[in-house]
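*Asks:* Going down the list, the sequences are from chains W and U.
Quick note: the first sequence uses my numbering, first residue 1, plus one each step.
Quick note: the second sequence uses my numbering, first residue 418, plus one each step.
Using N, Cα and C, we set each Cβ at its ideal position, and we do this for glycine too.
My questions all concern the structure below.
Number of protein chains: 2
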Amino acid sequence: MTDQRQLITEMGGKARTAFSRMAGASDAQKASALLAAARHLRDEQDAILAANRQDMENAQKRGLSDALLDRLMIDANRLEAIAAAVEQVARLPDPVGQIIDRTDRPNGLAMARVRVPLGVIGIIYESRPNVTADAAALALRSGNSVILRGGSEAIATNQAIYKAMIGGVEQAGLPTDAMQLVQTTDREAVGAMLKASGLIDIIIPRGGKSLVKRVQDEARVPVLAHLDGICHTYIGKDADPDKAIAIAVNAKMRRTGVCGAMETLLIDQDYPAPGPLLRALIDAGCEVRGDDMIMELDPRTVSAEPEDWDTEYLAPIVAARMVQGLDEALAHIAEHSSNHTDVIVTEDTTMADEFIRRADSAIVMHNASSQFADGGEFGLGAEIGISTGRLHARGPVALEGLTTYKWVVRGTGQVRP
Amino acid sequence: MTDQRQLITEMGGKARTAFSRMAGASDAQKASALLAAARHLRDEQDAILAANRQDMENAQKRGLSDALLDRLMIDANRLEAIAAAVEQVARLPDPVGQIIDRTDRPNGLAMARVRVPLGVIGIIYESRPNVTADAAALALRSGNSVILRGGSEAIATNQAIYKAMIGGVEQAGLPTDAMQLVQTTDREAVGAMLKASGLIDIIIPRGGKSLVKRVQDEARVPVLAHLDGICHTYIGKDADPDKAIAIAVNAKMRRTGVCGAMETLLIDQDYPAPGPLLRALIDAGCEVRGDDMIMELDPRTVSAEPEDWDTEYLAPIVAARMVQGLDEALAHIAEHSSNHTDVIVTEDTTMADEFIRRADSAIVMHNASSQFADGGEFGLGAEIGISTGRLHARGPVALEGLTTYKWVVRGTGQVRP
C-alpha cells in the first residue's frame with residue numbers, strides 16, 4: 001500500500017468511527033457547531049487572510065492565470081460571505097430523523113422510512129477555498145463525516161479555514177474526526193480517495209470539467225456530479241415572442257460561465273419571429289453559430305460545425321438550429337443534451353406537458369430561463385452540486401441529497417408465519 | 418472490442434432508445450403488457466416445460482447438485498405461480514408520474530419533483546428461471562428497459578419464458594427492445610454488462626454470494642445488492658422472555674436459508690432468562706456456538722471461534738454471545754453486522770428508540786423477527802432485491818427503487834435577475 005493509500009485508509013477509518021457519533025448528533029448540536037465555526041472564521045480573519053496571501057504569492061510565482069488567481073483570492077468581504085454562508089446552512093432544517101413514509105401492516109407491524117445521514121462524504125475540489133467551509137458545513141449539517149481535499153495552490157488558505165471550522169465542531173462537542181482535511185498536496189491522495197470504496201460512501205467533485213472527468217473515470221466510489229451543462233432552449237411555434245427573447249437572452253447572457261447557461265437554441269421553423277430573437281442575442285453580444293436556415297435570417301450569424309451541438313461554450317456563444325416541431329427538438333435534445341437543464345418556451349400547455357414528460361433531463365422547464373438551475377433558486381437553501389446522474393439524487397443536491405434512510409420496524413413480538 | 422462487448426453495446430443502445438418510449442408509456446399500457454405476458458406464460462406452458470426438461474437433462478448430465486436442480490426445475494404449479502406473480506406486479510400502482518414534492522417560489526416559479534423511470538436496468542442471475550419473469554415484470558411496470566442475463570444452465574427455460582413475456586410487450590404496443598434477454602451463455606457477456614457504464618444505469622445481481630461478490634468487485638456500473646445477511650438479534654435486559662424465545666426461534670429457524678435469518682444472538686448479561694432461550698433454540702434443532710458465558714448455560718452449546726461472528730450460516734446454526742448492555746451490543750453490531758437487518762427485543766421503549774437510532778442498518782426492528790425483512794411483508798407488493806448499500810435505495814427495493822425523479826419547473830416567462 002502506498003503512503004497515500006495508507007493515509008486515506010486511516011482518515012476513512014476515523015471518519016467512519018466518528019460517523020456513528022455524528023449520526024446521533026442532535027439538530028441543536030449540529031447547528032451550534034456551525035454557528036461557532038462561523039464565529040471562528042470571523043475571529044481568525046487575520047490568520048486566514050495571511051494564509052491566503054501566502055497562497056496567492058506562490059500562485060503568482062507559478063504563473064497561474066488571472067482567472068485562477070481570482071478564484072483563489074480571499075479578502076475580508078469574501079471571508080464574511082463564507083462565514084455568512086456557514087450560518088445560513090446552520091439555519092437550514094435538519095433532514096435527519098424526518099419520516100419519509102409509514103405503513104401499518106395488518107399484523108400490527110409499523111414500518112417507517114426514517115432519514116439518516118449518508119455516511120462518509122469525500123469532497124475533491126480545486127482552487128476555491130470557500131468550498132472548504134461550504135461543503136464541510138453541508139456535510140456536517142446533515143450528520144455526515146467529510147473528508148476534504150482541496151487544490152494544492154490553496155493549501156494554506158484551506159488549512160486556515162479548516163482550523164476555524166474544526167474549532168466549531170470541537171466547541172459543540174462533536175467528534176473532530178467527522179471533519180478532516182487532507183493535509184498533503186500529493187496528487188496520489190486523490191486517486192486513493194477515488195478508490196476508497198467501503199471507507200468513503202460518495203465522492204463529490206467541485207471544479208472544472210477535467211477534474212470531474214478524472215473523478216468519474218477513476219472512481220470506484222459512487223460520484224455525484226455533472227460533467228457538462230449543455231442546456232437547450234426550444235422555442236416552440238406558439239412561443240410568446242417577448243418571453244422567447246427575454247428567456248433566451250437571460251439563459252445565455254446573464255452569466256455565461258455557469259452550468260445552467262443555455263448552449264443551444266432550437267427554434268421551431270413555424271415560430272413566426274426568429275429574426276428578432278437572433279437579433280436580440282447578437283445585440284446582447286452573443287455570437288450565434290447557426291445551421292443554414294438560421295444563417296439566412298441574420299448576416300451576423302456564423303456557420304455551426306457538427307461539434308458545436310456538443311459544446312459547452314461557457315462563453316457568449318450559442319449554437320442555433322431550426323427544427324421541425326417538437327419531435328425533432330426532442331430528438332436533438334436526446335442526442336446532444338447533457339441532461340442538466342432543458343427548456344421549452346411555448347404558450348401551448350399541452351405541448352409543454354409533452355416536452356416535460358419526454359425530455360429526459362434532471363431539470364425540465366417551461367417558460368423560464370435555464371439559469372434558474374441552482375439549489376438556492378429551487379428553495380433548497382444551499383447546494384452541494386448539481387447531479388446529472390440518474391441514481392440517488394438528481395438535479396440540484398442539497399442537504400436531503402446527503403442523506404439516506406433506514407427502515408424502522410416496530411412490533412409487539414410478531415413472528416413471521 | 419470483443420464480440421461480447423459488441424453484443425452488450427448493441428443491446429444497451431437499443432435498450433436506451435426504447436427507454437425514451439417506455440418512459441412515456443401509460444399506466445394502462447404497462448399493466449396490460451404484463452397481463453398479456455401472464456396469459457402467454459399460461460398459453461405456452463407446454464413449450465416452457467419442454468424447454469425446462471431440456472435444461473434439467475443437461476444439468477443432470479453435468480452432475481449439478483440436487484439443490485441447484487430444484488432451483489432450475491419448473492412444473493405446472495411453479496409456472497402458474499410465475500404467471501400469478503406477473504399479474505400481481507401488473508396490479509401494483511404505477512410509481513411513474515407521482516409528485517414527490519412541490520414548492521412555489523416567490524417569483525412565481527413552481528418546482529416539483531416528479532417520479533420517472535430509472536433507465537436501463539441489467540439483471541444478472543443464476544439458475545432460477547422465475548427471475549426472467551419477475552425481474553422483467555418489475556422493470557417494465559416501472560417504465561424501465563431491462564437486459565436480462567440468466568444462468569447458462571437455464572438458457573432454454575429462460576428463452577421460453579422470455580418469449581412469453583415479450584409477447585405481452587408486443588401486444589401492448591410497447592417497444593420490444595425495452596426487454597431483452599442475453600441469448601449467449603458466454604460468461605464474458607456478464608463482464609461486458611458490468612462495464613457498460615453509460616449504457617446500463619444499474620445492475621441488480623440475483624443469486625448466491627459468489628455472484629454478488631463478482632458483480633460488486635468488477636462492476637463499473639452502480640450495483641444494487643446485498644452481499645451478506647448477517648442479522649443480529651439483541652435480547653435486552655428488559656426483554657419479555659416469551660417474546661424473546663418466539664422471536665429468536667422464528668428469526669433463526671423459520672427458514673434458515675433466507676438473508677433475513679438471524680445469524681448472531683446477543684444476550685444482555687442482565688437478561689434474567691438466558692437458559693430457557695438457548696434451550697428453546699437447541700430444542701428447535703439449532704446448533705448454538707457460544708462464548709464462555711453462553712457455554713456455561715447449556716452443555717449442548719459448542720465454542721464459538723472468532724470467524725463465527727462474521728459468518729452467514731444460512732443453516733440451523735447461531736453464534737451467541739453475552740454482552741454488557743446496549744453499548745456493547747451496538748459495538749458488536751457495528752463491527753460484525755452486514756447492515757441488513759438488526760433487531761432489539763426489549764420492553765424498554767427508550768432503549769429500543771436508542772437502538773433504532775444508533776444501529777446503522779438498512780432495517781432496524783424492535784420486538785419482531787428479522788425474517789420479516791422482505792418487500793412483500795413491508796407492503797411493497799414485490800421486491801427486486803434488498804440493498805445494503807447506502808445510496809439510492811436501501812433495504813427492500815420494489816418499484817419505487819427502480820425510479821428516479823426529474824425536477825419540473827413551470828414558469829410564465831421568468832428570467833433570473
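So which residues of chain U does PHE355(W) contact, with C-beta pairs closer than 7 angstroms?
*Replies:* Translated into the one-based positions of the first sequence, residue 355(W) becomes position 355. Result: empty, since nearest Cβ-Cβ is about 10 angstroms, beyond 7 angstroms.
*Asks:* Could you tell me which chain U residues have their CB closer than 7 angstroms to the CB of GLY191(W), listed as they occur along the chain?
*Replies:* Translated into positions along the first sequence, residue 191(W) becomes position 191. Per Cβ cutoff of 7 angstroms: no residues; GLY191(W) is ~16 angstroms from chain U at best.
*Asks:* Comparing alpha-carbon positions, which option in GLN462(U), GLU722(U), ALA790(U), ILE750(U) lies nearest ALA577(U)?
*Replies:* As a working mapping, residue 577(U) is identified with position 160 in the second sequence. The shortest C-alpha separation from ALA577(U) is found at GLN462(U).
*Asks:* Let me check understanding here. Comparing Cα to Cα, which of SER197(W), ALA137(W), ALA110(W), ARG115(W) lies closest to GLY13(W)?
*Replies:* For the purposes of this step, residue 13(W) is identified with residue 13 of the first sequence, where counting begins at 1. With distances taken between Cα atoms, GLY13(W) lies closest to SER197(W).
*Asks:* Which residues share a DSSP beta bridge with MET179(W)?
*Replies:* One-based indexing of the first sequence puts residue 179(W) at position 179. Answer is VAL146(W), bridged to MET179(W).
*Asks:* Going by beta-carbon coordinates alone, are ILE572(U) and THR602(U) separated by less than 9 angstroms?
*Replies:* Here the question's residue 572(U) lines up with position 155 in the second sequence. Here the question's residue 602(U) lines up with position 185 in the second sequence. Yes; because the gap between Cβ atoms is below 9 angstroms, this pair is in contact.
*Asks:* What is the residue span of the beta strand (DSSP E) that GLY442(W) lies within?
*Replies:* The requested residue 442(W) is not part of the displayed model; chain W covers only 1 to 417.
*Asks:* Given that ILE204(W) touches chain U, what residues does it touch there, using C-beta distances under 8 angstroms?
*Replies:* Position 204 of the first sequence holds residue 204(W). Residues of chain U passing the Cβ test: none, with the nearest at roughly 12 angstroms.
*Asks:* Based on Cα-Cα distance, which residue from MET295(W), GLN180(W), GLN171(W), ILE100(W) lies nearest to ILE448(W)?
*Replies:* In this structure chain W extends from 1 to 417, so residue 448(W) is not present and cannot be described.
*Asks:* Starting from HIS649(U), trace the beta strand (DSSP E) both ways and give me its first and last residue.
*Replies:* The residue you call residue 649(U) lines up with position 232 of the second sequence. Start and end: 648-652.
*Asks:* Which first and last residues belong to the alpha helix (DSSP H) in which ARG508(U) is found?
*Replies:* Here the question's residue 508(U) lines up with position 91 in the second sequence. Note, ARG508(U): alpha helix (DSSP H), 493-508.
*Asks:* Per DSSP, which residues does ASP242(W) bridge with? Please list them.
*Replies:* Counted from its first residue, the first sequence places residue 242(W) at position 242. None, per the DSSP bridge assignment.
*Asks:* Relative to chain U, which residues along the segment 379-409 of chain W have a C-beta separation below 8 angstroms, given in chain order?
*Replies:* So the list reads GLY379, ARG390, LEU391, HIS392, ARG394, GLY395, PRO396, THR404, TYR405, LYS406, TRP407, VAL408, VAL409, given in the order they occur along the chain.
*Asks:* Determine which residues of the segment 757-789 of chain U have a Cβ less than 7 angstroms from any Cβ of chain W, and write them out in chain order.
*Replies:* Residues ILE773, ARG774, ARG775, ASP777, SER778, ALA779, ILE780, VAL781, MET782, HIS783, ASN784, ALA785, SER786, GLN788, PHE789.
*Asks:* If you compare alpha carbons, which of LYS654(U), CYS703(U), ALA785(U) is closest to HIS768(U)?
*Replies:* Indexing the second sequence from 1 puts residue 768(U) at position 351. The sequence shown places Met at residue 768(U), rather than the His named in the question. Looking at the Cα atoms, LYS654(U) is the closest of the given residues.
*Asks:* Using a 10 Å radius around the Cβ and a threshold of 16 neighbouring Cβ atoms, would you call GLN6(W) buried or exposed?
*Replies:* Position 6 of the first sequence holds residue 6(W). It is exposed - the Cβ of GLN6(W) has fewer than 16 other Cβ atoms within 10 Å.
*Asks:* Closest to ASP521(U) by CA distance: which of GLN505(U), ALA701(U), GLY828(U) is it?
*Replies:* Position 104 of the second sequence, counted from the start, is the residue given in the question as residue 521(U). Comparing Cα positions, the closest option is GLY828(U).
*Asks:* With a threshold of 9 angstroms between beta carbons, is VAL503(U) in contact with chain W?
*Replies:* Along the second sequence, one-based indexing puts residue 503(U) at 86. Taking Cβ atoms only, chain W never reaches closer than 9 angstroms to VAL503(U), which makes this a no.
*Asks:* Please specify which runs of the alpha helix (DSSP H), each continuous and at least 4 residues long, are wholly inside the segment 738-780 of chain U, giving them in chain order.
*Replies:* Segments of the alpha helix (DSSP H) lying fully in the segment 738-780 of chain U: 742-753, 766-775.
*Asks:* Under the rule that 16 or more other beta-carbon atoms within 10 Å means buried, what is MET1(W), buried or exposed?
*Replies:* For the purposes of this step, residue 1(W) is identified with residue 1 of the first sequence, where counting begins at 1. Flag for MET1(W) reads exposed.
*Asks:* According to DSSP, is HIS418(W) part of a helix, a strand, or is it coil?
*Replies:* The structure shown does not extend to residue 418(W), since chain W spans only 1 to 417, so no value can be given for it.
*Asks:* Can you tell which of VAL415(W), PRO222(W), GLU170(W), VAL318(W) has its C-alpha closest to the C-alpha of ALA261(W)?
*Replies:* Sequence index remark: in the first sequence, residue 261(W) carries index 261 (1-based). For the residues VAL415(W), PRO222(W), GLU170(W), VAL318(W), the minimum Cα distance to ALA261(W) belongs to VAL318(W).
*Asks:* Counting only runs of 3+ residues fully inside the segment 271-330 of chain W, write out the beta strand (DSSP E) ranges in chain order.
*Replies:* Fully enclosed beta strand (DSSP E) runs of 3 or longer: 287-290, 317-323.
*Asks:* For chain W, check one thing: does any of its Cβ atoms lie closer than 9 angstroms to the Cβ of ARG671(U)?
*Replies:* The residue labelled residue 671(U) in the question sits at position 254 within the second sequence. Yes, contact with chain W.
*Asks:* Can you check DSSP and say which residues form a bridge with ILE99(W)?
*Replies:* For the purposes of this step, residue 99(W) is taken as the residue at position 99 of the first sequence. DSSP output for ILE99(W) lists VAL114(W) as bridge partner(s).
*Asks:* Would you mind giving the Cβ-Cβ distance between ALA454(U) and VAL503(U), rounded to the nearest angstrom? I have them listed as a contact below 8 angstroms.
*Replies:* Position 37 of the second sequence, counted from the start, is the residue given in the question as residue 454(U). Position 86 of the second sequence, counted from the start, is the residue given in the question as residue 503(U). Going by Cβ atoms, the distance from ALA454(U) to VAL503(U) rounds to 6 angstroms, so yes, they are a contact pair.
*Asks:* So with Cβ pairs under 9 angstroms, would you call GLN446(U) a contact of chain W?
*Replies:* Against the second sequence, residue 446(U) aligns to sequence position 29. No, no contact with chain W.
*Asks:* Cα separation between LEU314(W) and THR256(W)?
*Replies:* Locating residue 314(W) in the first sequence gives position 314, counting from the first residue. Locating residue 256(W) in the first sequence gives position 256, counting from the first residue. Taking the straight line joining both Cα atoms gives about 5 angstroms.
*Asks:* Contact between the segment 768-781 of chain U and the segment 487-496 of chain U: three or more CB pairs below 8 angstroms?
*Replies:* With the cut-off at 8 angstroms, the segment 768-781 of chain U and the segment 487-496 of chain U do not touch.
*Asks:* Using C-beta distances below 7 angstroms, list every residue in its chain close to ARG128(W), excluding the 5 sequence neighbours before and after it, in chain order.
*Replies:* If you number the first sequence from 1, residue 128(W) lands on position 128. Hits under 7 angstroms: ARG71.
*Asks:* Is there at least one Cβ from chain W nearer than 9 angstroms to PRO639(U)'s Cβ?
*Replies:* Counting from one through the second sequence, the residue named residue 639(U) turns up at place 222. So yes, PRO639(U) belongs to the interface.
*Asks:* Under a three-way DSSP split, which group does THR195(W) fall into?
*Replies:* Position 195 of the first sequence, counted from the start, is the residue given in the question as residue 195(W). Before going on, a small fix: residue 195(W) reads as Lys here, not Thr. DSSP places LYS195(W) in coil when its eight states are reduced to three.
*Asks:* Give the residues from the segment 106-119 of chain W that approach chain U closer than 7 angstroms (Cβ to any Cβ), ordered along the chain.
*Replies:* So the close ones are LEU109, MET111, LEU118, GLY119.
*Asks:* Out of GLN324(W), TYR271(W), MET22(W), which one is the CA nearest neighbour of GLY119(W)?
*Replies:* Taking the first residue of the first sequence as position 1, residue 119(W) is located at position 119. Here the closest residue by C-alpha is MET22(W).
*Asks:* Please compile the residues from chain U whose C-beta is within a distance smaller than 8 angstroms of the C-beta of GLN6(W).
*Replies:* As a position in the first sequence, residue 6(W) is number 6, starting the count at 1. The premise fails here: GLN6(W) is roughly 22 angstroms from chain U at the closest Cβ pair, so nothing lies under 8 angstroms.
*Asks:* Beta-carbon within less than 6 angstroms of THR233(W)'s beta-carbon, same chain only, minus the 5 sequence neighbours each way: which residues are those?
*Replies:* For this step, residue 233(W) is matched to residue 233 along the first sequence. For THR233(W), where only same-chain residues beyond five positions count, the Cβ hits under 6 angstroms are ALA248, ALA251, MET262, LEU265, VAL343.
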